[in-house]
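Going down the list, the protein sequences come from chains A and B.
Per my numbering, residue 3 is the first one in the first sequence, and the count goes up by one each step.
Per my numbering, residue 3 is the first one in the second sequence, and the count goes up by one each step.
From the three backbone atoms N, C-alpha and C, an ideal C-beta is built for every residue, glycine too.
Here's the structure we're looking at; comments come further down.
Number of protein chains: 2
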Amino acid sequence: MKITALAGGVGGAKLANGLSKLLAVEDLCVIVNTGDDFEYLGLYICPDLDTVTYNLAGLNDPASGWGLKGDTHNVLEAIEKFGHTKWFRLGDQDFATHIERTRLLKSGYTLSQVTQKISSNLGVKHTILPMSDQPVQTKIITDKHEILPFQEYFVRYQTKPVVREILFNGIDKCSLPDIAAAKLESSDIIIICPSNPYVSIDPILAVPGVSSILLTKTVIAVSPLIGGKTIKGPAAKIMGEFGMVPNSLNIAKHYQSIVSGIVIDNRDLLEQEAISHCGIIPLVTDIYMHDVESQVNLARQVLDFGSSLLKGKQQ
Amino acid sequence: MKITALAGGVGGAKLANGLSKLLAVEDLCVIVNTGDDFEYLGLYICPDLDTVTYNLAGLNDPASGWGLKGDTHNVLEAIEKFGHTKWFRLGDQDFATHIERTRLLKSGYTLSQVTQKISSNLGVKHTILPMSDQPVQTKIITDKHEILPFQEYFVRYQTKPVVREILFNGIDKCSLPDIAAAKLESSDIIIICPSNPYVSIDPILAVPGVSSILLTKTVIAVSPLIGGKTIKGPAAKIMGEFGMVPNSLNIAKHYQSIVSGIVIDNRDLLEQEAISHCGIIPLVTDIYMHDVESQVNLARQVLDFGSSLLKGKQQ
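This is the structure in structure tokens:
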């Protein structure tokens, strides 16, 4: 069974890691959001790609959810002397990744090629790919009509501004890398990981060509909400700001046109029926991933669920 | 009295530091060799400029002679995973300098502007300038007819190859930055620091326009040799490979067309007479700089010597 997972950062990386423990190298491809990518200190930084890569390499910092385990911050301390604010807290080993990526991109490699080189150098065997080789910039329009680059909203302002609208600048002109398109086309099941639908998954879905492939496939989502709350990140807060109740039913509705099933948490059991009424099959289980074992457990259930939906479709 | 010092790395940086303790901010400019500059990991590195800057900032590592005191090497350890050999041993704080310089150059600042920003951010008040804003590449032609970029010869091969010739690629098309030219023109005395004549000072002297200014000035050199040996670096070895006896007399002869005086070590007292016969006035003293105090002591004597030569000329 060939699987493609669509992922953003922390939550997506956890499920992707669980999937990587169950699937052969050739059977899993993770396509990752790059709308959060940005240039910082002249270096090209891809937060979601790195989070997925570090998780699959077993190098991630489980405490913060991003960056590298046991990393130091000596470059960043020194860079303060040059008048830079340290709002984006990069570690020294992490700097090595960004220096290498920037060097390779400058040498003419595509982001797909660079991502594969870096992940393979860090010991990752499964395929991790960016949603596009062309830059896309996610911008947050606030209630004060400010236009914030995503990382400023997310890291510098700690998601405090009220979101009115989210733009994916450059999305019309970007395209899925050929290798990612081939992986997606040949997938039996596509899994939308428990990442933020608005800022992590929607950019991937908005890449020209992606949704038309998805419409021909068995797609299942894993809700990023448990009891109306996220483990990390502003998905629930944004839903409120968009005038929605933050719950898994509304996550299901968000993905209604493309998913045939959604995995929700036991604590959201009562939403099961309403989800079914939308024509989406719910699977209710424990979706909280607090360690690698629970990542694998959830991944196994997601794969079984997808498999059963696929069989149902084929009959 | 306005002073310009011409300097390479370690030895030059020590005397420049001594001069900076004695001279007002507006009275000292250090013009530094950039023939050793190179790109490494996509970052633009200026070893001599950094050594001078770190010395004047009091941040230099006195043990190695270059790099920063107490620096760690975490980025470099991590970058090994990407298949890079670590032959150029950059520290983490040092990486911050190179990241900032690369960023500023990419933003369109000249190397002169970047050097002044960085040195001022690190607390240096005196003016440090590159010999040129255009790149010059010092190349070492070995006895095996290899053409080695300077840092490969110097760091990777630890100056072991036998030098046949030294080229300064790009020197014809480069020019002294305007501000450096103005400083040089308005100087009363120009001091050639105890740096390697062949690879550190000659590139500066070869920048178009420099030697014609020097011919109108009182120029004094400080020998980089003590008892026929260098404290650091391959100057003596190169002299041997060029068929010369490595001594201060031959250093004096090397600078014969531009200097009126040379400062040599007590241990080279016997060369005094031969130097005088070349029409160069020698000053014999202790030129070994083992700490900041001895840097200041030597700087004071050099200034007094220069001052007396200048007065002699004016009479």
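Which partner residues of residue i appear in the DSSP bridge assignment?
| i | result |
| --- | --- |
| I142(A) | L150(A), I168(A) |
| T112(A) | Note: T112(A) sits in no beta bridge, so no partner. |
| G263(B) | I222(B), I283(B) |
| V209(A) | Answer by DSSP bridge pairing: none, since V209(A) is not bridged. |
| K255(A) | For K255(A), which the question treats as bridged, DSSP gives no partner whatsoever. |
| L30(A) | I5(A) |
| Y42(A) | L45(A) |
| I203(A) | BP columns for I203(A) are empty, so no partner. |
| I320(A) | With chain A running from 3 to 317 in the structure shown, residue 320(A) is simply not present. |
Check residue i in the structure and name its three-state DSSP category.
| i | result |
| --- | --- |
| T55(A) | helix |
| D96(B) | helix |
| T117(B) | helix |
| T6(B) | strand |
| P132(A) | strand |
| L227(B) | strand |
| I289(B) | coil |
| T161(A) | coil |
| F307(A) | helix |
| T232(A) | strand |
| F244(B) | coil |
| K16(A) | helix |
Would you kindly work out how many angstroms separate the C-alpha atoms of residue i and residue j, rounded to a whole number?
| i | j | result |
| --- | --- | --- |
| F375(B) | C280(B) | Not covered by the structure: residue 375(B). The range shown for chain B is 3 to 317. |
| E295(A) | G20(A) | 8 angstroms |
| A254(B) | A223(B) | 8 angstroms |
| Y111(A) | L92(A) | 24 angstroms |
| M241(A) | I173(A) | 22 angstroms |
| V116(A) | I101(A) | 12 angstroms |
| I168(B) | A238(B) | 15 angstroms |
| T104(B) | E82(A) | 16 angstroms |
| S188(B) | N35(B) | 20 angstroms |
| P163(B) | I33(A) | 49 angstroms |
| P226(B) | F90(B) | 24 angstroms |
| I302(B) | H86(A) | The sequence shown places Arg at residue 302(B), not Ile. Distance between the alpha carbons of R302(B) and H86(A): 38 angstroms. |
| T74(A) | Q95(A) | 8 angstroms |
| G60(B) | P248(A) | 56 angstroms |
| G37(A) | Y200(A) | 11 angstroms |
| K175(B) | L113(B) | 16 angstroms |
| M291(A) | Q297(A) | 5 angstroms |
| K127(B) | V27(B) | 6 angstroms |
| N299(A) | Q136(B) | 59 angstroms |
| K313(B) | P196(B) | 23 angstroms |
| L178(B) | V209(B) | 7 angstroms |
| K146(B) | I206(A) | 56 angstroms |
| A2(A) | Q118(B) | Look at the range of chain A in this structure, 3 to 317, and you will see that residue 2(A) is not part of it. |
| S122(A) | N76(B) | 20 angstroms |
| K4(A) | N57(B) | 59 angstroms |
| Y42(A) | Q160(A) | 17 angstroms |
| V54(A) | G235(A) | 16 angstroms |
| Q316(B) | I193(B) | 18 angstroms |
| I47(A) | M133(B) | 34 angstroms |
| I289(A) | A80(B) | 34 angstroms |
| N62(A) | F156(A) | 19 angstroms |
| F307(B) | P49(A) | 59 angstroms |
| I266(B) | G11(B) | 19 angstroms |
| H256(B) | S214(B) | 17 angstroms |
| Q153(B) | I142(B) | 10 angstroms |
Quiz item: Using a Cβ cut-off of 7 angstroms, which residues of the segment 290-302 of chain A contact any Cβ in chain B, in chain order?
Solution: none
Practice problem: Could you run through the segment 54-80 of chain A and flag, in chain order, every residue whose CB is less than 7 angstroms away from some CB of chain B? | Solution: T74, N76, V77, A80
Quiz item: Using a beta-carbon distance cut-off of less than 7 angstroms, what residues from the segment 101-119 of chain B approach chain A?
Solution: I101, E102, T104, R105, K108
Practice problem: Can you check the segment 44-89 of chain B for any beta strand (DSSP E) of at least 3 residues that lies completely inside it and give the ranges in chain order? | Solution: 45-47
Practice problem: Mind checking the segment 231-244 of chain B against chain A and listing, in chain order, the residues whose C-beta falls within less than 7 angstroms of any C-beta there? | Solution: none
Quiz item: Listed from N- to C-terminal order along the chain, which residues in the segment 36-56 of chain A have their beta-carbon within a distance smaller than 8 angstroms of any beta-carbon of chain B?
Solution: L43, G44, L45
Exercise. Taking only beta carbons into account, state which residues of the segment 116-148 of chain A come closer than 9 angstroms to chain B, listed in chain order.
Key: K119, I120, N123, L124, G125
Exercise. Output, in sequence order along the chain, the residues in the segment 83-102 of chain A whose CB is closer than 7 angstroms to any CB in chain B.
Key: K83, F84, G85, D94, Q95, F97, A98, I101, E102
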